[in-house]
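Some notes on the structure that comes next.
Number of protein chains: 10
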Amino acid sequence: MNRNEVTEMIVAAKIQKGIKWADVAEKIELSKEWVTAGCLGQMTFNATQAGLLGEIFALPSEAVALLQSVPYKGSLPTAIPADPLIYRFYELINVYGSTLKELIHEEFGDGIMSAIDFNMDVKREANPMGDRVSITMSGKFLPYKSY
Amino acid sequence: MNRNEVTEMIVAAKIQKGIKWADVAEKIELSKEWVTAGCLGQMTFNATQAGLLGEIFALPSEAVALLQSVPYKGSLPTAIPADPLIYRFYELINVYGSTLKELIHEEFGDGIMSAIDFNMDVKREANPMGDRVSITMSGKFLPYKSY
Amino acid sequence: MNRNEVTEMIVAAKIQKGIKWADVAEKIELSKEWVTAGCLGQMTFNATQAGLLGEIFALPSEAVALLQSVPYKGSLPTAIPADPLIYRFYELINVYGSTLKELIHEEFGDGIMSAIDFNMDVKREANPMGDRVSITMSGKFLPYKSY
Amino acid sequence: MNRNEVTEMIVAAKIQKGIKWADVAEKIELSKEWVTAGCLGQMTFNATQAGLLGEIFALPSEAVALLQSVPYKGSLPTAIPADPLIYRFYELINVYGSTLKELIHEEFGDGIMSAIDFNMDVKREANPMGDRVSITMSGKFLPYKSY
Amino acid sequence: MNRNEVTEMIVAAKIQKGIKWADVAEKIELSKEWVTAGCLGQMTFNATQAGLLGEIFALPSEAVALLQSVPYKGSLPTAIPADPLIYRFYELINVYGSTLKELIHEEFGDGIMSAIDFNMDVKREANPMGDRVSITMSGKFLPYKSY
Amino acid sequence: MNRNEVTEMIVAAKIQKGIKWADVAEKIELSKEWVTAGCLGQMTFNATQAGLLGEIFALPSEAVALLQSVPYKGSLPTAIPADPLIYRFYELINVYGSTLKELIHEEFGDGIMSAIDFNMDVKREANPMGDRVSITMSGKFLPYKSY
Amino acid sequence: MNRNEVTEMIVAAKIQKGIKWADVAEKIELSKEWVTAGCLGQMTFNATQAGLLGEIFALPSEAVALLQSVPYKGSLPTAIPADPLIYRFYELINVYGSTLKELIHEEFGDGIMSAIDFNMDVKREANPMGDRVSITMSGKFLPYKSY
Amino acid sequence: MNRNEVTEMIVAAKIQKGIKWADVAEKIELSKEWVTAGCLGQMTFNATQAGLLGEIFALPSEAVALLQSVPYKGSLPTAIPADPLIYRFYELINVYGSTLKELIHEEFGDGIMSAIDFNMDVKREANPMGDRVSITMSGKFLPYKSY
Amino acid sequence: MNRNEVTEMIVAAKIQKGIKWADVAEKIELSKEWVTAGCLGQMTFNATQAGLLGEIFALPSEAVALLQSVPYKGSLPTAIPADPLIYRFYELINVYGSTLKELIHEEFGDGIMSAIDFNMDVKREANPMGDRVSITMSGKFLPYKSY
Amino acid sequence: MNRNEVTEMIVAAKIQKGIKWADVAEKIELSKEWVTAGCLGQMTFNATQAGLLGEIFALPSEAVALLQSVPYKGSLPTAIPADPLIYRFYELINVYGSTLKELIHEEFGDGIMSAIDFNMDVKREANPMGDRVSITMSGKFLPYKSY
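The listed protein sequences correspond, in order, to chains Y, V, W, E, R, D, L, A, X and P.
Numbering of the first sequence is given in numbering that gives the first Met the number 0, commencing with residue 0 and proceeding in unit increments.
Numbering of the second sequence is given in numbering that gives the first Met the number 0, commencing with residue 0 and proceeding in unit increments.
Numbering of the third sequence is given in numbering that gives the first Met the number 0, commencing with residue 0 and proceeding in unit increments.
Numbering of the fourth sequence is given in numbering that gives the first Met the number 0, commencing with residue 0 and proceeding in unit increments.
Numbering of the fifth sequence is given in numbering that gives the first Met the number 0, commencing with residue 0 and proceeding in unit increments.
Numbering of the sixth sequence is given in numbering that gives the first Met the number 0, commencing with residue 0 and proceeding in unit increments.
Numbering of the seventh sequence is given in numbering that gives the first Met the number 0, commencing with residue 0 and proceeding in unit increments.
Numbering of the eighth sequence is given in numbering that gives the first Met the number 0, commencing with residue 0 and proceeding in unit increments.
Numbering of the ninth sequence is given in numbering that gives the first Met the number 0, commencing with residue 0 and proceeding in unit increments.
Numbering of the tenth sequence is given in numbering that gives the first Met the number 0, commencing with residue 0 and proceeding in unit increments.
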């Protein structure tokens with residue numbers, strides 16, 4: 000058994016049992032963004048969290064152990080994602096990538112927004128023209144320093 | 000002359016004259032995100048906006064005309080971006096892409112977040128542990144409908 | 000079991016039982032284009048539709064549940080499709096892509112034709128020189144708006 | 000001078016002079032789809048048509064000669080197009096490619112829709128929910144025959 | 000079971016039983032080129048042909064049904080084929096591709112040689128300097144027509 | 000100046016002067032296939048042939064020298080050719096490649112058809128259903144020998 | 000069972016039994032280079048040779064039959080090999096490829112060194128500075144001939 | 000001016016002046032293999048050697064300086080080389096790569112043949128069946144050592 | 000069973016038994032860097048080492064034999080690694096690769112740092128601003144020599 | 000003028016004037032690693048540093064301004080570097096990448112070594128068996144934190 004198989008077991012159990020990610024997150028007492036990423040094989044759980052997930056999704060003990068090991072991260076099957084929802088984010092980087100680079104450098108100087116010291120919040124934004132997806136990302140600015 | 004050359008002229012003038020994107024945006028009376036994207040060859044300006052940009056960056060009339068034509072969009076020179084700042088956004092899609100897919104479908108059902116009916120806001124978030132980059136994205140949810 | 004396996008089960012049952020897509024569509028009371036796409040793992044069915052498909056193709060209940068979950072979309076095994084019928088559509092984009100871009104922008108301005116708020120109709124066009132395939136696509140125009 | 004340079008000359012002249020593709024087509028007395036494709040380096044003009052284009056876009060005689068030679072076709076700079084408008088068509092092949100294959104084979108048997116004996120019509124479809132892009136494609140069905 | 004598995008069953012049976020493609024073609028009363036392509040998953044057989052193949056290769060009825068469904072065509076595992084015999088044909092396109100384009104356009108004008116309305120004959124050409132492989136290809140010329 | 004520039008000079012002169020490949024071949028007293036390939040930068044001419052080409056296309060002496068040096072061969076700008084005429088040959092390898100491999104091995108055993116000790120003949124085949132392109136390829140069979 | 004599986008069976012048996020390629024070659028009475036290539040799925044054995052290999056590696060009769068069929072050749076899992084030993088040969092082509100081309104053409108004119116009518120010898124070269132790997136390759140020169 | 004331009008200057012001068020690589024090597028008093036590789040931008044010359052090359056090919060002093068700087072190595076324009084002569088070497092790695100790996104490890108244990116502490120000799124091998132290209136490569140064996 | 004499966008068995012056992020790489024290295028009496036690389040399928044163990052590993056991870060004898068055979072090396076599933084930790088090293092080569100090249104050539108002349116006669120040490124560097132990862136690499140310099 | 004052109008000007012001036020990176024670094028009073036990376040277009044200089052570089056390399060004022068703008072980083076012309084010196088580092092990631100991942104996670108838990116808060120030291124390590132290249136890398140450990 001490897002971590003990918005644990006992910007498949009969780010996804011299959013979720014569909015069969017009709018569990019929602021938001022409910023899983025509430026039980027683990029963490030954000031739905033981080034918990035979902037972890038269940039999909041991108042984050043590492045501690046023993047208590049992994050034990051709870053084992054109960055929620057009825058996982059064998061081997062899977063519970065694997066949830067506590069650091070996974071090989073990355074969830075895209077191809078360099079350019081084919082799925083329309085995920086592709087739109089790739090397109091945003093393509094269209095706005097140089098803009099993000101210019102504006103962050105203008106404000107902060109040379110450096111990057113961390114993708115590790117990072118958190119994200121996804122929510123519904125009611126709108127009479129049609130509801131919107133609102134995503135807020137927050138990452139620590141890390142400057143390049145000369146030495 | 001083509002649109003890429005106009006972008007290069009704008010970027011060169013900006014560095015030589017020490018102009019800031021935020022100031023350009025203020026003069027055009029639009030957000031710095033949209034204006035920067037347009038100056039970098041991703042959006043289409045109307046005649047008034049293009050004329051103003053021509054003055055700010057001292058562009059020839061041929062360039063001003065090109066700013067009003069729809070560009071072939073996309074600002075990444077390679078499928079996977081090499082620049083560390085831009086790569087971090089690609090990594091976020093790689094690590095969180097399947098999470099975004101799950102959470103948006105859980106909230107809205109099958110469909111996508113529009114990358115066209117979309118806006119974005121980039122700002123500094125003061126933090127005693129080190130300031131953070133805060134990015135808010137808002138895109139209309141577009142559902143797949145059966146027919 | 001995952002969604003790809005459900006697709007394979009449907010395709011295998013279809014060949015064994017000699018079922019036609021047009022007949023499936025009629026029973027689901029939707030277009031043959033949308034129903035076929037859904038059966039091939041590109042769309043999400045509701046409970047009633049999934050139940051009917053389960054009867055038509057003799058699927059197990061786990062498969063019926065999977066038909067109601069949103070799939071990871073995309074049906075091309077390679078970036079450039081090898082199958083001659085599908086390649087011809089890729090070639091049309093290659094030959095006519097810039098033409099479509101020019102004509103849509105000339106008529107509507109900057110923006111795109113939605114591939115989500117979209118429908119399609121495939122039919123036979125009788126012709127003494129040899130019958131023709133006629134495909135009509137209709138997608139909502141989505142404009143880029145400044146902000 | 001090569002055909003790509005002729006395309007760039009035409010596009011630059013079009014923007015500078017504010018010419019519309021629809022008007023060019025009317026002068027050449029052919030569809031706007033075929034004429035635009037030809038001007039963008041995908042089709043071959045006869046001497047009369049090339050001469051007219053030379054007048055409309057003020058092209059040198061070398062360019063007029065090149066418009067009458069068969070071009071190396073293909074207008075995508077990358078295998079997967081980055082421009083959002085053109086990408087949507089690629090996405091449609093990705094999502095609906097296997098569907099088109101199934102429905103055309105169900106109706107006609109093994110074979111393809113010709114991309115050569117082919118024509119296309121792009122038009123605006125008025126709609127109170129927002130106007131739509133309507134594209135009709137018609138290609139001769141070519142059967143595989145045993146021998 | 001899918002069509003690829005049928006191909007593997009046929010190839011395995013052929014090696015075990017020592018059957019020759021030429022003999023299979025004779026029994027099906029078609030050319031060895033078309034029959035071999037079909038057995039390797041590139042063409043669609045009718046019921047009679049599929050039944051005969053079922054007998055020759057001792058295939059189960061599910062396989063016989065699959066031989067009558069239109070396959071997803073394409074037999075190269077990589078975009079550039081690694082096998083030396085097949086690579087030589089790729090090399091010929093690389094070295095002679097632009098020549099074929101020039102000569103066909105010089106003779107016929109703009110258009111293509113059909114790969115669908117096509118047949119091929121492979122035979123041995125005796126030669127005192129060493130026998131040669133002789134391949135004759137014949138495809139209908141399809142002109143691009145303005146519209 | 001390099002060989003690619005010589006090819007471009009020849010192609011430009013050919014279009015400007017309205018020269019035909021078949022006529023060039025007649026003057027060089029070789030087949031049109033080999034001469035065209037050479038003019039397109041794939042073969043090496045001797046001094047007499049290069050001199051004649053220099054006269055026909057009005058080439059400078061530096062170009063005449065380059066026609067006698069061995070070129071870096073290969074005329075496809077991308078691994079999978081985008082041009083419809085050339086792509087059809089790629090498709091034939093994709094669909095018939097494994098067939099060619101099987102039939103040549105069945106007749107000759109393990110080995111290849113040479114792409115070096117090779118010649119080709121392209122001609123028009125009159126046909127009431129529409130004229131056809133007929134291509135005959137002949138390459139020496141080279142066996143793999145154990146040692 | 001397919002040829003790749005036969006290769007895996009041979010490699011596994013070799014490791015378990017501690018057999019050396021040189022000893023296998025001696026029993027087959029051919030060079031170790033050709034025999035190893037054949038055992039790794041790149042060459043075709045005759046019935047006697049295949050029978051001997053069946054005994055040496057304790058292969059089932061189906062595997063012995065497969066050793067006599069012509070394999071789909073090519074042993075690199077990626078276009079650029081990752082294994083350091085094999086990569087060094089790729090690097091040699093990268094660094095010395097144009098040199099080999101120049102020197103062979105200078106000596107022989109336009110043509111190639113055959114990779115089919117070819118043999119190779121790998122041996123240890125004692126050296127006080129550290130022993131060396133010595134590889135001798137010999138391939139028939141095949142000239143391009145005009146026609 | 001950069002090193003690639005120096006390579007182009009050398010190659011152009013060589014063709015114009017009818018110089019042979021073997022003669023250049025003799026004047027530099029080194030092997031033709033190493034000298035050709037250096038002239039093609041893969042090796043670094045000392046001041047004396049670079050001065051001599053400057054005289055032979057009538058290079059400007061800037062080029063002579065560049066010949067003494069270490070180049071960015073690699074002479075293949077694509078990952079898989081298109082030129083038939085160079086491709087045959089790539090094919091040899093594809094067909095014989097795993098064989099070379101097995102035989103070198105069998106003789107020497109884990110490690111590689113150095114591509115740096117390496118030399119090569121290319122010569123003509125007279126043969127009544129047609130002359131052959133003979134290439135001898137010698138590279139120091141470098142073992143992986145545990146630590 | 001192949002070497003990849005042995006790697007998977009070791010990794011699974013390590014997680015189940017809560018073994019640390021540092022402890023394994025201590026038992027084998029070698030560095031943790033080399034031992035981990037070997038356990039992950041990149042190095043070759045001798046009989047004693049393999050036997051010890053068999054005990055530590057409870058491996059079958061077939062696996063113990065495989066640990067003593069030279070593996071096909073390379074541990075990246077894609078050319079550009081997706082995992083954030085491993086990607087950072089790729090990014091360092093991208094950002095600092097040309098710098099390493101310049102500085103090593105400035106100090107040593109033309110040549111490379113060996114990746115075979117190489118060792119590495121990874122350790123924690125305490126730091127009040129946050130602990131750091133410290134990696135020391137040492138590889139023999141191998142000069143290119145003329146011949 | 001763009002940053003790449005500034006890099007080319009610096010490199011050309013360095014070769015013509017025989018300047019050493021170590022001397023440049025001493026004048027800028029920073030490490031040779033950071034200064035070289037900056038001169039090669041990977042880091043951003045402040046006004047004083049850029050001014051000094053302008054004097055050292057005799058750069059025009061436009062170039063001095065560009066040295067103070069943040070560059071698009073990345074110095075590899077291809078995803079897998081062809082140059083042997085740089086490739087060895089890529090190979091180290093391929094062979095040792097999973098080892099680095101395991102050992103860093105074992106010591107620090109889930110997270111990465113920063114490539115931004117990072118410094119590097121390259122030096123010669125005298126050794127009687129042949130001098131060695133010694134590289135020390137130090138990067139802050141950044142943990143993934145749940146939220």
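From the three backbone atoms N, C-alpha and C, an ideal C-beta is built for every residue, glycine too.
Think of a sphere of 7 Å around the beta carbon of F56/E: no beta carbon from chain W falls inside it, the nearest being about 14 Å out. Pairing V5/L with L75/L gives a Cβ-Cβ distance that is not under 9 Å. Around the Cβ of A125/X, a 10 Å sphere holds fewer than 16 other Cβ atoms; the residue is exposed. By alpha-carbon distance to V132/D, the top candidate from Y143/D, K19/D, D120/D is D120/D. Between the alpha carbons of T35/E and M136/R lies a distance of about 34 Å. In this structure, DSSP gives K31/W a helical state, which the three-state scheme calls helix.
For I115/A, the chain X residues whose C-beta falls within less than 7 Å of its own C-beta are G110, I111, L141, Y143, listed in chain order.
Within chain Y, Y86, E90 have C-beta atoms less than 8 Å from the C-beta of Y86/E, given in sequence order. Taken through DSSP and simplified to helix, strand or coil, V23/W comes out as helix. Between I111/V and I111/W, the CB-CB gap reaches or exceeds 9 Å. Contact with chain L is found for M0/X, since one of that chain's Cβ atoms lies less than 9 Å from the residue's Cβ. By the CB criterion at 9 Å, K139/P and L84/X fall outside the cutoff. Interface flag for G129/Y against chain P is unset, since no Cβ pair is found closer than 9 Å. For V132/L, the nearest beta carbon of chain P is not closer than 9 Å to its own beta carbon.
The shortest CA-to-CA distance from R123/X to any of E105/P, R123/P, R2/P, P127/P is the one to E105/P. Inter-residue distance for P80/W and A62/E is about 35 Å (C-alpha atoms, whole angstroms). For K100/P, the enclosing alpha helix (DSSP H) begins and ends at 83-107. Rounded to whole angstroms, the Cβ separation of K26/Y and I55/Y is 7 Å, and the two are in contact under 8 Å. In the structure shown, L65/W falls within a helical segment according to DSSP collapsed to helix, strand and coil. Within 8 Å of the CB of P83/A, the CB atoms of chain R belong to E90, V94, in sequence order along the chain. Rounded to the nearest angstrom, the gap between the Cα atoms of L39/P and G17/A is 38 Å.
By the beta-carbon neighbour count (other beta carbons within 10 angstroms, threshold 16), K72/Y is buried. Closest by C-alpha distance to A12/D, out of P59/D, N1/D, A64/D, is P59/D. Under the Cβ criterion of 9 Å, W20/L is not counted among the residues facing chain D.
At a cut-off of 9 Å between C-beta atoms, S74/A does not count as an interface residue with respect to chain X. Burial is judged here by how many other beta carbons sit within 10 angstroms of a residue's own beta carbon; G108/A has fewer than 16 and is exposed. Around the beta carbon of P142/Y, fewer than 16 other beta carbons lie within 10 angstroms, which makes this residue exposed. If you draw a 10 Å sphere on the C-beta of G129/E, you find fewer than 16 other C-beta atoms in it, and that means exposed.
In the DSSP assignment, K13/E falls within the alpha helix (DSSP H) that extends over 2-16. Listed along chain A, no residue sits closer than 7 Å to S137/D by beta-carbon distance, the nearest being about 17 Å off. Beta-bridge pairing by DSSP links M42/L to no other residue.
N1/L and S68/L have their alpha carbons spaced roughly 10 Å apart.
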